[in-house]
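With mature numbering (1 follows the signal peptide of the UniProt record, and there is no 0) applied, the sequence shown corresponds to residues -21 to -1, 1 to 415, in that order.
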Amino acid sequence: MKIATSVFVGLIALAIDSCWAGNLEEKYAWSELKFDWPSKEAEQEAITSGRYVPANNLPLGIEVWRDKLFVTVPRWKSGVAASLNYIQLPTDEKSPVLRPYPSWEDNNLPIEVSAQPVAETAAGRAEAKKPALVGEGLKLNSSIVSTFRVRADECNRLWVMDTGLADILGNPNQVAPPAIVIFDLETNQLIRRFTCPESVIKEDTFFANIVVDVSKHDCDNAYAYIPDLGAYSIVVYSFKDNKAWRVKHNFFHFDPLNGDYNVGGVNFQWTDGVFGLAVGNEKTDGSRDVYFHALSSTKEFVVSNKVLQNETYSTSPDCYYEFKLLGDRGANGQSSAEFFDKDNEIVFYTQVNKDGVGCWNAKKPYNQDTQGLVDSDSTALVFPNDLKVDQDGYLWVLSDRMPAFIYQSLKPEEVNYRILRGKARELIRGTPCDIE
């Protein structure tokens, strides 16, 4: 009788826990990505010519704006159909096609990049050779060569960090200089292309993220922060002044004790520095906290946006102590992207070594006890690579098995890429991040 009672109580507890704890729901999934080609003939011609190799198209970044779910496909290898794409929402398709944004023409490479064997890699980037500068100028300022992550701001603009780099893991070609490309989402027209000056680019520069700091009441006074995970710096761009500068700090480097990864049965070592960035809510003094961390690290840091936005101060040694250590996520707490949910004041972040998504309530101290794991799944969340919270309070997460893509190969008969979604408030319920 006691055993039966214990089982009954356990089932009740499980039911209660299920009612309180939310989970991410798989919205879309692919074995290989599909694109909205102009015609079947155009797709077949691209395959025949080698311009499209389905297995070489790995989704990486996401963003949500109204009826568009943006999905980036960096040119890790040759044969990428289009780097900047979107899924038309709503859709009942389980594996919807990707539509190039703003057009197919804008996503066409201006040069031919022939297939090359994938080089031995380190830090997620080609080690064998440096990219060759082959670009002779883009036909269109709106062209997108290769982008990792994008951001839609409160002024209905899409900010794209175009690396200009193609076939990264094979025969890397610097087709065009790195550039910030900004589109008007209302009209799908180009607003500006800002080519990064040589002063912010170093030999090991690698741009894989971009975040935007702006108020919808002052759209011209916008700043973009672009972490340089290879040269351990943050590039700050002022939209109003149309200029950029490079900020250096010791906290932007990787932790040599936290560069070992085991993801989906793949063991590898990376030296990626500053990677994740998130901008907090405006304070009473008009400033905002900018949270940041290196990928190969378990520590989180913070600096005021007023420091980063002051070119003279942020580029001098005088600002060193403005950067603060928040705390440590603990063992296997490496994270790529992070995002600040402004409505709930929660920082969501990927947990690449835990096949999961973590959270932290920004009103609490930063330590291992205040970190929540909102979801973890050794199948659906193998290498969560990007996440965003949309205007309706939904957290979107993209997982893509990227280590297997880089170091081994993905199996076309398996689901390799997923986009998941869950209500942010429900996901944090019952975790240390809970706000109720």
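A virtual CB, placed ideally from N, CA and C, is assigned to each residue, including glycine.
Here the alpha carbon of valine 76 sits roughly 9 Å from the alpha carbon of tyrosine 65.
Exclusion of the five residues before and after arginine 171 leaves Ile161 as the residues of its chain whose Cβ lies within less than 7 Å of its Cβ. Closest in C-alpha terms to asparagine 395, from the list Leu3, Asn2, Lys6 and Ser10, comes Ser10. Arginine 408 sits in coil when the DSSP states are folded into three classes, being neither helix nor strand. Looking at the DSSP output, aspartate 207 bridges to Phe186 and Ser212. By the criterion of a C-beta distance shorter than 8 Å, tryptophan 224 is surrounded in its chain by Ser178, Val179, Val214, Val215, Glu290, Ser293 and Thr294, once the five residues flanking it on both sides are discounted.
For proline 382, the enclosing alpha helix (DSSP H) stretches over residues 381 to 386. Distance from the CA atom of glutamate 182 to the CA atom of asparagine 229, rounded to whole angstroms, is 18 Å. In this structure the region 2 to 19 touches the region 396 to 411; the number of beta carbon pairs closer than 8 Å is three or more. For glutamate 393, the secondary structure class from DSSP, reduced to helix, strand or coil, is coil. For serine 275, the closest alpha carbon among the candidates Asn241, Glu261 and Phe302 is that of Asn241. Residue environment analysis places glutamine 347 among the exposed positions, since fewer than 16 neighbouring C-beta atoms fall within 10 angstroms of its C-beta. Distance between tyrosine 31 and asparagine 86, taken at the CA atoms: about 12 Å. Residue state for asparagine 284 is assigned as helix, using DSSP reduced to three classes.
In this chain, glutamine 168 is not harboured by any alpha helix (DSSP H); it is covered by the beta strand (DSSP E) spanning 168 to 174. Collapsing the DSSP output to three states places lysine 13 in coil. Inclusion of phenylalanine 247 and histidine 272 in the CB contact set at 8 Å is not warranted, their separation being larger than that value. Excluding five sequence positions before and after lysine 321, the CB atoms of its chain that fall closer than 7 Å to its own CB belong to Asn260, given in chain order. Secondary structure at glutamate 165: coil, using DSSP grouped into helix, strand and coil. According to the DSSP assignment, serine 293 belongs to the alpha helix (DSSP H) that extends over 290 to 293.
By the beta-carbon neighbour count (other beta carbons within 10 angstroms, threshold 16), arginine 45 is exposed. Just so you know, the alpha carbons of lysine 262 and leucine 287 end up roughly 16 Å apart.
The criterion of a C-beta distance shorter than 8 Å is not satisfied by threonine 51 and leucine 68. Annotated as proximal: methionine 140 and phenylalanine 186, with beta-carbon spacing under 8 Å. Using a 10 angstroms sphere on the CB of leucine 304, the tally of other CB atoms stays under 16, which defines it as exposed. In the DSSP assignment, isoleucine 325 falls within the beta strand (DSSP E) that extends over 325 to 330. According to DSSP, residue pairing for tryptophan 224 in a beta bridge involves Val215.
By the Cβ neighbour-count rule, tyrosine 211 is buried, with 16 or more other Cβ atoms within 10 Å of its own. A straight line joining the alpha-carbon of leucine 37 with that of leucine 12 spans about 8 Å. In the structure shown, tyrosine 31 adopts coil according to DSSP, grouped into three states. By the neighbour-count criterion, in which 16 or more other beta carbons inside 10 Å mark a residue as buried, aspartate 297 falls on the exposed side.
Put simply, of Ala201, Gln350, Ala383 and Asn284 the residue whose alpha carbon is nearest the alpha carbon of lysine 222 is Ala201.
Within 10 angstroms of the beta-carbon of tyrosine 299 lie fewer than 16 other beta-carbons, which makes it exposed.
The alpha-carbon of proline 156 is positioned some 6 Å away from that of glycine 143. Around the Cβ of isoleucine 414, a 10 Å sphere holds fewer than 16 other Cβ atoms; the residue is exposed. The three-state secondary structure of serine 178, taken from DSSP, is helix.
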